[in-house]
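Input: a single structure, listed below in structure tokens.
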Amino acid sequence: MRISHLVYPIVQPILRSLRRSPLLIRKIFDVRVPPDVAVQYDPTTVLLARTMQDLVAQTLSSRGNEPPLRLLEMGIGQGALVSLSIAAQTQPEAVRIDGVDCSPSRVNSSREVASFNGRDAHFWQSDLFTDVSPESQYDFIFFNPPYVPTQTGRDLQLTQRLEVDGDQMWDGGEDGASVLREFLDQSREYLSPGGCVVFGVQEIFLPDALVRKTMEPFEYQRIERQRPRWLPSTAYIGYRPTP
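With the UniProt record's numbering, the residue at position 132 of the sequence shown is 132, and numbering never jumps.
This is the structure we're talking about:
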């Protein structure tokens, strides 16, 4: 039996009560949730937000009077928590944040959350990069992808347990890396020279060796891995070469 089958049923009931708490969401992400909107997050969302906040702050500190940083969040979910947490930490003129999701209901929900927080929302529906302008170039493209192997997710009844509107929220394909593989492939056309792709996974579902094998064909100049002791998630940063 896989370790995920043993661990997840134990921790999931605890996580379910925590990941929906508006008070925790405000504390962790500095984002207020409207009373009539349901938003949830997972440990990977937390790590991705912290990682992106640090990367954006470091990049802005080394820039002069340059154009705003261009950011794209893939899969904004119900509340675009990563994007809005970045917006809460930066000056509006310093960054331009776009966000997409394949679900129109999640896009609408994220727009409501953005409006409630007084943020300009550049969110729209797109299945990965299908409806992202081919001319768009981003300094950072970040994603909390579905990374659970299909059969594992079915065995764990994730759609029911997570109370989400479809398997696409967690289903990473047969090996868990199918969506990630497609994302990395498509993102190359939209990443500025020297830009980064940033994504997070849980190794209990998608091991480090498989992640690195998935990233290998895309010839990143450098790959960084962040795995804090206080979270079960891992963040990866892939840097596009600078000409």
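Glycine included, every Cβ here is placed at the ideal spot set by N, Cα and C.
On a Cα-Cα basis, can you pick out the residue from the options that is closest to residue i?
i	options	result
residue 238	195, 206, 201	195
residue 51	236, 240, 243, 132	236
residue 28	41, 193, 35	41
residue 69	220, 111, 98, 105	98
residue 192	47, 140, 216, 21	140
residue 100	152, 183, 25	183
residue 32	224, 55, 185, 85	85
residue 240	24, 21, 210, 189	189
To the nearest angstrom, how far is it from the Cα of residue i to the Cα of residue j?
i	j	result
residue 37	residue 63	37 Å
residue 154	residue 60	43 Å
residue 199	residue 214	13 Å
residue 108	residue 221	37 Å
residue 231	residue 47	8 Å
residue 91	residue 161	38 Å
For residue i, which of helix, strand or coil comes out of DSSP?
i	result
residue 1	Low confidence applies to residue 1: its pLDDT is 46, below 50, so where it sits in the model is not reliable enough to give any reading.
residue 220	coil
residue 128	coil
residue 68	coil
residue 91	coil
residue 248	For the chain, the structure presents residues 1 to 243; residue 248 sits outside this window and is missing.
residue 234	strand
residue 39	coil
residue 56	helix
Please tell me whether residue i has its Cβ less than 8 Å away from any Cβ of chain C.
i	result
residue 173	Within the model displayed, chain C is absent; a lone protein chain is all it includes.
Are the segment 108 to 126 and the segment 162 to 174 touching, with three or more C-beta to C-beta distances below 8 Å?
-> no
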